[in-house]
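K.L.:
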Amino acid sequence: MSNTQTTKLVTITPKAAEKVKAFMAEETEKPEFLRVYVQGGGCSGLSYGMGFEKASEEDDLVIEENGVKMVIDSYSVDYLKGANIDYIESLMGAGFKINNPNVTKSCSCGSSFSTS
1 MSNTQTTKLV TITPKAAEKV KAFMAEETEK PEFLRVYVQG GGCSGLSYGM
51 GFEKASEEDD LVIEENGVKM VIDSYSVDYL KGANIDYIES LMGAGFKINN
101 PNVTKSCSCG SSFSTS
């Protein structure tokens, strides 16, 4: 059974939520969830990942904000507490950015980090 949390573990800005919903609408499989996760790797030891899912897993935490249902696995929960997902558009390009208060060190690629 998925666990729905009422306090916000991870937040998503309205702009990022609109982009997620637009990308989901383009998918032929019609996903229901945005999976946000942390995995080992990258220059600083950990890296972020995001993808679409049709269903949640048993150990997933389900969060809904700005019309987007996000799922986070039990491993990633501790690394993502208080994180905010935004969508940035600049001259250098556009993409999702995760602002994470738990990060103690990151590298210039912006997707690899470590915590204390």
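Mapping the sequence shown onto full-length UniProt numbering, position 25 (from 1) lands on 25, and the numbers just tick up by one.
Using N, Cα and C, we set each Cβ at its ideal position, and we do this for glycine too.
1. Around the C-beta of S76, are 16 or more other C-beta atoms found within 10 angstroms, so that it is buried, or is it exposed?
2. With DSSP as the reference, identify every bridge partner of F96, one or two as the case may be.
3. Can you say whether D60 is buried or exposed, counting buried as having 16 or more other CB atoms within 10 angstroms of its CB?
4. Closest to N102 by C-alpha separation, out of Y37, F52 and L80, would be which residue?
5. Near A16, which residues of its chain fall below 7 angstroms by C-beta distance, leaving aside the five closest residues on each side in sequence?
6. Give the straight-line distance between the Cα atoms of K54 and V68, rounded to the nearest whole angstrom.
7. Per DSSP, what are the beta-bridge partners of V36 in this structure?
8. Ends of the beta strand (DSSP E) at T11?
9. To the nearest angstrom, report how far apart E27 and K19 are at their CA atoms.
P.N.:
Checking against the coordinates, here is how it stands:
1. Around the CB of S76, 16 or more other CB atoms lie within 10 Å, so the residue is classed as buried.
2. Per DSSP, Y87.
3. D60 is buried by the Cβ-count criterion.
4. The candidate whose alpha carbon is nearest that of N102 is L80.
5. The beta carbon of A16 lies closer than 7 angstroms to those of I85, D86, Y87 and F96 in the same chain, with the five residues before and after it left out.
6. When only Cα atoms are considered, K54 and V68 end up about 13 angstroms apart.
7. When DSSP reads this structure, V36 sits in a beta bridge with M50.
8. Segment V10 to I12, the beta strand (DSSP E) holding T11.
9. Taking the straight line joining both Cα atoms gives about 13 angstroms.
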